[in-house]
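Participant: I'd like to ask some things about the structure below.
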Amino acid sequence: MLGIEPFFAELIAGIEEGLSIEGRSLLLHVVPEAERELAAYRRWATGSMVEAVVVVNLHAGDGRFALIAELGIPAIAIGGPREGLPVSNVWVDDDRAMTDAVNYLALLGHEHVARVSGPATLHHSEVRDTAFRRVCDERGLHATTVEGDYSEEAGRRCTRSLLGRSGPPTAIVYDNDVMALAGMGVATELGLTVPADLSLVAWDDSPMCRLSNPPLSAVTLDVHAMGNQAADAVLNTLAGGPVKSYLVPQQRLSTRGTTAAPPAASPPSALA
């Protein structure tokens with residue numbers, strides 16, 4: 025199940041490029057719900073329609089791997105824990121990236137930081153949530169988290185909820201670019217200036233982040249390389265290779281025009 029954000033378009037391009045080395049191609053099938061996804065696996069197995077599947081958006085108690093194993097379809101996973109998976113997986117260190125993002129906002133002087141997450145059941149949401157709460161606690165920051173679903177509507181709704189509270193946050197970290205850009209629109213509608221009144225950070229850097237006004241500070245990941253690694257994991261699996269864990273090159277925080285010291289805060293002496 026894939027989202028609408030540019031992240032997946034770049035991921036797909038990377039997978040297709042990697043598979044083309046052996047003359048293979050990617051079949052993309054978008055489904056609206058989990059049961060339809062499981063039905064697709066059964067249909068593919070019955071008709072011998074695919075050689076392998078790439079499982080994304082891992083979540084707690086994920087039953088897809090048991091079904092895939094029962095059906096005898098080779099598989100790899102993108103995301104999730106480094107250990108305990110029955111298949112090769114490609115993962116990113118979201119804990120470290122969230123730590124870097126919150127530490128940066130703390131060094132700017134922010135004392136109340138909010139997070140607009142993706143669905144809380146997703147494994148990467150859990151990792152980011154845990155890191156967010158831990159670093160805010162270590163820094164003595166007031167932390168607020170609201171759950172979204174990666175959509176523009178969720179970005180607008182969650183931002184309005186946060187900014188409408190007594191003592192609203194002075195910085196918000198969003199789990200994707202779509203929600204962050206929607207949130208920036210809401211801030212403008214409410215008469216706030218970004219970043220003078222409110223700092224914003226997006227996950228999954230994209231051309232939309234770089235072209236927004238002001239350009240959006242974002243967590244940057246080489247998604248194309250991630251897709252290449254996923255393709256390599258697929259080819260390794262089809263060749264009968266061992267279960268492997270592929271660590272994607274580390275994400276980095278790209279600071280742009282949506283992050284600054286909070287209102288009435290003195291600028292820090294150093295950001296290192």
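Under my numbering, the first residue of the sequence shown is numbered 25, with each subsequent residue one higher. A virtual CB, placed ideally from N, CA and C, is assigned to each residue, including glycine. Just so it is clear, the structure is predicted and the values come from calculations on it, not from any experiment.
Can the beta-carbon of S112 be found less than 8 Å from the beta-carbon of I100?
Facilitator: Here residue 112 refers to the residue found at position 88 when the sequence shown is read from its first residue. Here residue 100 refers to the residue found at position 76 when the sequence shown is read from its first residue. Remark: C-beta atoms of S112 and I100 approach each other more closely than 8 Å.
Participant: Are the CB atoms of R189 and V210 nearer to each other than 8 Å?
Facilitator: Your numbering for residue 189 matches position 165 in the sequence shown. Your numbering for residue 210 matches position 186 in the sequence shown. Their beta carbons are not under 8 Å apart, which means R189 does not touch V210 by this criterion.
Participant: Is the CB-CB distance between G251 and I39 below 8 Å?
Facilitator: As a first step, residue 251 is located in the sequence shown; it is residue number 227 there, counting from the start. As a first step, residue 39 is located in the sequence shown; it is residue number 15 there, counting from the start. G251 is a Cβ neighbour of I39, given a cutoff of 8 Å.
Participant: So, with DSSP's three-state summary, where would you put N252?
Facilitator: As a working mapping, residue 252 is identified with position 228 in the sequence shown. Helix.
Participant: So, does the region 58-71 touch the region 263-279, judging by three or more C-beta pairs under 8 Å?
Facilitator: The region 58-71 makes no contact with the region 263-279; the number of CB pairs closer than 8 Å stays below 3.
Participant: In terms of alpha-carbon separation, which member of N127, A288, I36 lies closest to R163?
Facilitator: Along the sequence shown, one-based indexing puts residue 163 at 139. Nearest C-alpha to R163: N127.
Participant: Would you mind giving the Cβ-Cβ distance between V225 and S241, rounded to the nearest angstrom? I have them listed as a contact below 8 Å.
Facilitator: Here residue 225 refers to the residue found at position 201 when the sequence shown is read from its first residue. Here residue 241 refers to the residue found at position 217 when the sequence shown is read from its first residue. Yes, V225 and S241 are in contact; Cβ-Cβ is about 5 Å, under 8 Å.
Participant: With a floor of 3 residues, list each beta strand (DSSP E) that falls wholly inside the region 94-118, ordered by position along the chain.
Facilitator: Secondary structure in the region 94-118: the beta strand (DSSP E) runs of 3 residues or longer, each lying completely within the stretch, are 99-102, 112-115 in chain order.
Participant: Check E75 in the structure and name its three-state DSSP category.
Facilitator: Numbered from 1 along the sequence shown, position 51 holds the residue referred to as residue 75. Looking at E75 - three-state DSSP - the assignment turns out to be coil, as it is neither helix nor strand.
Participant: Give a yes or no on whether the C-beta atoms belonging to M203 and A220 are separated by under 8 Å.
Facilitator: Along the sequence shown, one-based indexing puts residue 203 at 179. Along the sequence shown, one-based indexing puts residue 220 at 196. Not a contact, by the Cβ cut-off of 8 Å.
Participant: Whole angstroms are fine: how far does the CA of D153 sit from the CA of D119?
Facilitator: Taking the sequence shown and counting its residues from 1, the one referred to as residue 119 is at position 95. Taking the sequence shown and counting its residues from 1, the one referred to as residue 153 is at position 129. So the two alpha carbons sit approximately 9 Å from each other.
Participant: Rounded to whole angstroms, what is the Cα-Cα separation between S290 and A284?
Facilitator: Position 266 of the sequence shown, counting from 1, holds the residue named residue 290. Position 260 of the sequence shown, counting from 1, holds the residue named residue 284. Model confidence at S290 stands at a pLDDT of 45, short of 50, so the residue's coordinates are unreliable; what they give is reported in the following sentence. Distance between the alpha carbons of S290 and A284 is about 11 Å.
Participant: Along the chain, where does the beta strand (DSSP E) that runs through L271 open and close?
Facilitator: Here the question's residue 271 lines up with position 247 in the sequence shown. Boundaries of the beta strand (DSSP E) harbouring L271: 269-271, taken from the DSSP string.
Participant: So what's S190 in DSSP terms, helix, strand or just coil?
Facilitator: Sequence index remark: in the sequence shown, residue 190 carries index 166 (1-based). Looking at S190 - three-state DSSP - the assignment turns out to be coil, as it is neither helix nor strand.
Participant: In chain order, what residues of the same chain lie with their CB nearer than 6 Å to the CB of F89, ignoring the 5 residues before and after it?
Facilitator: In the sequence shown, residue 89 corresponds to position 65, counting from 1. Answer for F89: P110, listed in chain order.
Participant: For L43, tell me which candidate among G71, W68, V55, V78 has the shortest Cα-Cα distance.
Facilitator: Stepping through the sequence shown from its first residue, residue 43 is reached at position 19. Looking at the Cα atoms, V78 is the closest of the given residues.
Participant: Kindly indicate which residue of D117, A93, I92, S49 has the alpha-carbon position closest to the one of G103.
Facilitator: If you number the sequence shown from 1, residue 103 lands on position 79. G103 has its Cα closest to that of D117, out of D117, A93, I92, S49.
Participant: Considering only their Cβ atoms, is the gap separating L132 from S223 smaller than 8 Å?
Facilitator: The residue you call residue 223 lines up with position 199 of the sequence shown. The residue you call residue 132 lines up with position 108 of the sequence shown. Their beta carbons are under 8 Å apart, which means S223 touches L132 by this criterion.
Participant: Kindly indicate which three-state DSSP category A285 falls into: helix, strand or coil?
Facilitator: Within the sequence shown, the letter at position 261 stands for residue 285. Coil, per DSSP.
Participant: Using the Cα positions of A294 and S230, report the straight-line distance between them to the nearest angstrom.
Facilitator: Position 270 of the sequence shown, counted from the first residue, corresponds to residue 294. Position 206 of the sequence shown, counted from the first residue, corresponds to residue 230. With a pLDDT of only 41 at A294, under 50, the local geometry of the prediction cannot be trusted, and the value read off the model is given with reservation. Approximately 28 Å between the Cα atoms of the pair.
Participant: Near P286, what residues of its chain come up, given a Cβ to Cβ distance below 8 Å and the 5 sequence neighbours on each side ignored?
Facilitator: Here residue 286 corresponds to residue number 262 of the sequence shown, with the count starting at 1. L132, G133, H134, E135, T194, A195, S223.
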